[in-house]
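Notes follow once the structure below has been shown.
Number of protein chains: 2
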Amino acid sequence: MNAHHDLTKNQELVFGTLSAADGPLSAYTILDRLRDRGFRAPLQVYRALDKLTDYGLVHRLESINSFVACAGPHCHGHGSLAFAICEKCGQVEEFSDETVEQRLGVWSREHGFKPTKTAIEIRGTCAACLAA
Amino acid sequence: MNAHHDLTKNQELVFGTLSAADGPLSAYTILDRLRDRGFRAPLQVYRALDKLTDYGLVHRLESINSFVACAGPHCHGHGSLAFAICEKCGQVEEFSDETVEQRLGVWSREHGFKPTKTAIEIRGTCAACLAA
DNA sequence: GCAACAAATGTAATGTTATTACGCATGGAT
DNA sequence: ATCCATGCGTAATAACATTACATTTGTTGC
Ligand SMILES: [Zn+2]
Ligand SMILES: [Zn+2]
Ligand SMILES: [Zn+2]
Ligand SMILES: [Zn+2]
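Chains A and B supply the protein sequences, listed in that same order. Okay, so the first sequence: first residue is 1 according to my numbering, each after it adds one. Okay, so the second sequence: first residue is 1 according to my numbering, each after it adds one.
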């Protein structure tokens, strides 16, 4: 699911935009930033985002309808990621916690629930913004 | 923040609709169900939902843009709730896990992050739907 | 090479979710 | 009575996402 992916032109453009950004972007913001590269419609962005999230290169932040480029290698091999989202500056920190994953897995097994996608998103204020 | 709240007429109607439902509802679905009670505009629903979520009587499910009436007493006294959302039948189970809360709290402290609202949402297939 | 098929793209239209702006009504406090 | 906070009604708009259909591009088998 990870390894090496040959990205198409549109996927490359969307991934590049997200990678260059200093925080999460909405699909429409990505669209605006790619207008001069020929993008005209939301679907071009959404289609690329679908693939990129499938590949694990991009994560969707459910609570703010935005997307972010994967932060690092700690991501791989984990079923459920967590995100800390600063509501002041928009910065996002991606992390994972074995224990959290495990506990949610236990709950699922005990309740016969078969998980496919888990979202853990903490909204609040980051250290930098608290200092300021 | 919990105890007893005197709900206004609109809040009562929205809360009643959510309580009577067998699963989460979108704001616009609530609006439709309250048309014959005089509701005309989305804002009437969103305003009521804002208060109800403040009071802890209703929870917002970030990953499906929907709202659900609080399932029970285990909810109170907990900072972060978790939801298991069945993508087949739409049923939602609300639960909380001390260990999960604690681990996320540890991460926040260690990173100087001050959380205000945490969303934990597991999407998948519930036991009933798996059996069927 | 060429047919057949799958994947990706372009474009328009539409559907869904949420907010902004403005004015009015109500109820309690001074 | 005046002030102020809260809630309400309505219209307009913004923000987010999908459906539908036609076309292009790339791959596979022959
Ligand atoms: Zn990642
Ligand atoms: Zn910040
Ligand atoms: Zn609850
Ligand atoms: Zn189910």
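Beta carbons: idealized from backbone N, C-alpha and C, even for Gly. Since the model is a prediction, treat every value here as computed from it, not as a measurement.
Neighbour flag for residue i against chain A, beta carbons, 9 Å
| i | result |
| --- | --- |
| T17 of chain B | no |
| C75 of chain B | no |
| F39 of chain B | no |
| S108 of chain B | yes |
| P42 of chain B | no |
| E93 of chain B | yes |
| H111 of chain B | yes |
| N2 of chain B | Because the pLDDT at N2 of chain B is just 43, under 50, the model does not fix this residue reliably, and the value given afterwards should be weighed accordingly. No, its Cβ sits nowhere closer than 9 Å to a Cβ of chain A. |
Contact list for residue i against chain B, beta-carbon separation under 8 Å
| i | result |
| --- | --- |
| L104 of chain A | A82, D97, V100, I120 and I122 |
Rounded C-alpha distance that separates residue i from residue j
| i | j | result |
| --- | --- | --- |
| G7 of chain B | F15 of chain B | Looking at the sequence provided, one finds Leu at residue 7 of chain B rather than Gly. The straight-line gap from Cα to Cα measures roughly 9 Å. |
| F67 of chain A | F113 of chain B | 21 Å |
| S108 of chain A | R35 of chain A | 43 Å |
| A20 of chain A | R47 of chain B | 37 Å |
| D32 of chain B | F95 of chain A | 40 Å |
| N2 of chain B | V45 of chain A | Its pLDDT being 43, under 50, N2 of chain B is placed unreliably in this model, and the value from its coordinates should be taken loosely. Straight-line Cα distance between these residues: approximately 43 Å. |
| N10 of chain B | G23 of chain A | 38 Å |
| L43 of chain B | V92 of chain B | 25 Å |
| G38 of chain A | L13 of chain A | 10 Å |
| L25 of chain A | C129 of chain B | 35 Å |
| T125 of chain B | A132 of chain B | 11 Å |
| C75 of chain B | H5 of chain A | 43 Å |
| F83 of chain B | P115 of chain A | 11 Å |
| A41 of chain B | A119 of chain B | 28 Å |
| R103 of chain B | D97 of chain A | 8 Å |
| S80 of chain B | G79 of chain A | 20 Å |
| P73 of chain B | T53 of chain B | 15 Å |
| Y28 of chain B | L49 of chain B | 12 Å |
| K88 of chain B | G105 of chain A | 20 Å |
Per-residue contacts from residue i into chain A (C-beta, under 8 Å)
| i | result |
| --- | --- |
| E62 of chain B | E62, S63, A119 and E121 |
Interface flag, residue i vs chain B, CB-CB below 9 Å
| i | result |
| --- | --- |
| K114 of chain A | yes |
| E87 of chain A | yes |
| T125 of chain A | yes |
| L130 of chain A | yes |
Listed by chain order, chain A residues near residue i by CB distance under 7 Å
| i | result |
| --- | --- |
| C70 of chain B | Correct list: empty, because the minimum Cβ distance to chain A is about 18 Å. |
C-beta contact flag for residue i and residue j at 9 Å
| i | j | result |
| --- | --- | --- |
| H59 of chain A | A127 of chain B | no |
| R123 of chain A | K117 of chain B | yes |
| G90 of chain B | C70 of chain B | no |
| E62 of chain B | E121 of chain A | yes |
| I30 of chain A | I64 of chain A | no |
| T99 of chain B | T99 of chain A | yes |
Name all residues in chain order for which at least one heavy atom of ligand 1 lies closer than 7 Å to the residue's CB.
A:G56, A:H59, A:C70, A:A71, A:G72, A:C75, A:L81 and A:E94
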